[in-house]
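Enquirer: Under our numbering, the first residue of the sequence shown carries the number 96, and numbering increases by one thereafter.
Quick one: the structure is below, questions incoming.
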Amino acid sequence: MLDRSRRDQSCGAILLRNAQAHGTPGSTELRFSSEPGLAVIEVSNAGPEFTAEELNQLKEPFTRGNNRVSGSGHGLGLALVDAIAASHHGQLDLAPRPGGGVIARLSIPRGLSVSPRRTPRQAAD
Numbered sequence: 096m097l098d099r100s101r102r103d104q105s106c107g108a109i110l111l112r113n114a115q116a117h118g119t120p121g122s123t124e125l126r127f128s129s130e131p132g133l134a135v136i137e138v139s140n141a142g143p144e145f146t147a148e149e150l151n152q153l154k155e156p157f158t159r160g161n162n163r164v165s166g167s168g169h170g171l172g173l174a175l176v177d178a179i180a181a182s183h184h185g186q187l188d189l190a191p192r193p194g195g196g197v198i199a200r201l202s203i204p205r206g207l208s209v210s211p212r213r214t215p216r217q218a219a220d
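Right under this line is the structure:
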């Protein structure tokens, strides 16, 4: 299991690389913030327009957007971040960016009392 620091770094790096690889070059923005009890990483980019439904599908393993600006991959990055977030009581939200592109918002509980939990997929196995 990843410690909190490595988990956050790994998830943030995946989101950042994904935004850079699949968005308009030079448009990626990265923000860190906190909310009561949460650490938040937000990555956004400019690019093609997506519907909320299309973005939710991108969190499924081996799913890639059909209207990517560029980039390659296997469609695992967002699915991996989503699974890691869920296993730590967190959440990955994807939203359309006004004017085109994506806003990826990862929120993970802060504090030492959080222990990993099983995702619905793990419980089914």
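By construction, the Cβ of each residue, glycine as well, lies at the ideal position given by its N, Cα and C atoms.
Keep in mind that this is a model prediction, so the values were computed, not measured.
#1: Does the region 137–155 come close enough to the region 191–201 to have 3 or more Cβ pairs within less than 8 Å?
#2: DSSP puts Leu201 in a beta bridge; with which residues?
#3: Report, in whole angstroms, the separation of the C-beta atoms of Leu153 and Gly160, which I expect to be a contact under 8 Å.
#4: With a cut-off of 8 Å on the beta carbons, I'd call Cys106 and Val176 a contact; round off their distance for me.
#5: Check whether the Cβ atoms of Ala114 and Ala178 lie closer than 8 Å to each other.
#6: Helix, strand or coil: how does DSSP classify His169 here?
Expert: Walking through what the data contain:
#1: yes
#2: Ile136 and Leu187
#3: 6 Å
#4: 5 Å
#5: no
#6: coil
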